[in-house]
Amino acid sequence: MTSETAEPTVSKATSDDGGTVLRLEFGFAFPPTVLWKHLTEADKLKYWFPSEMEFEPRKDAQILFRYADQKPLRGVVLEAERPSVLAYTWEKDALRWELTRTAENGARLVLLLTPGSPRHAATMAAGWHLTIAGLDDLLNKRDLGQDPALWDVYVERYREQFAD
223 MTSETAEPTV SKATSDDGGT VLRLEFGFAF PPTVLWKHLT EADKLKYWFP
273 SEMEFEPRKD AQILFRYADQ KPLRGVVLEA ERPSVLAYTW EKDALRWELT
323 RTAENGARLV LLLTPGSPRH AATMAAGWHL TIAGLDDLLN KRDLGQDPAL
373 WDVYVERYRE QFAD
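Shown next, in the form of structure tokens:
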């Protein structure tokens, strides 16, 4: 177990069709099979993911993203290759999770995020930074470090980093 929460490498690029793509890359001390369970199983997602998710990790499966007292949001699984790739839509956003085993029997997690609204890139990067750091805290049995006080710090960091 590590004592410090994972820090991501975050970048912004432009896709071939002119869209914005965010890339968040994290290193974990757990193999892809462990991370896959935390990306696909409701009893594990509920501890770190920003909403409840109902879905089967198979291509073309429908997804419901549930929040308390709100109408569910919808998505569809675009790709599911256990334990290495999970891609889906979340309303107008597209997320692609890639898991690669590292030499230390850990995993490199890459989240490629195509926001439906590129002007929200900095806030989305900050939100996913905190969310995935929360997954790292959960896996390492630390108190969840999703400190709301860090929100503004990360939003400002990514606004400056993504400024054209």
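Residues in the sequence shown are numbered consecutively from 223, following this note's numbering.
Cβ coordinates follow ideal geometry from the N, Cα and C atoms, glycine included.
None of the values given here were measured: they were computed from a predicted structure.
Quick check on the burial criterion: 16 or more other C-beta atoms within 10 angstroms. Buried or exposed for residue i?
{"i": "residue 343", "result": "buried"}
{"i": "residue 358", "result": "buried"}
{"i": "residue 254", "result": "buried"}
Please name the residue or residues paired with residue i in a DSSP beta bridge.
{"i": "residue 259", "result": "Bridge partners of residue 259: none, in fact."}
{"i": "residue 307", "result": "303, 320"}
If you drop the 5 nearest sequence neighbours on each side, which residues of the same chain put their C-beta closer than 8 Å to that of residue i?
{"i": "residue 353", "result": "270, 271, 272, 368"}
So, for residue i: in the same chain, excluding its five sequence neighbours on each side, which residues have a beta-carbon less than 7 Å away from its beta-carbon?
{"i": "residue 230", "result": "246, 247, 248, 351, 354"}
{"i": "residue 348", "result": "373, 376, 377, 380"}
Leaving out five residues before and five after residue i in sequence, what residues of the same chain have Cβ atoms less than 6 Å from its Cβ?
{"i": "residue 289", "result": "273"}
{"i": "residue 311", "result": "297, 298"}
{"i": "residue 314", "result": "338"}
From this set, the options, which residue's C-alpha is nearest residue i's C-alpha?
{"i": "residue 280", "options": "319, 263, 300, 266", "result": "300"}
{"i": "residue 360", "options": "234, 233, 250, 240", "result": "250"}
{"i": "residue 317", "options": "266, 332, 258, 356", "result": "332"}
{"i": "residue 345", "options": "266, 328, 383", "result": "383"}
{"i": "residue 285", "options": "291, 263, 304", "result": "263"}
If we count Cβ pairs, one from each stretch, closer than 8 Å, do we get three or more for the segment 328-342 versus the segment 234-244? yes
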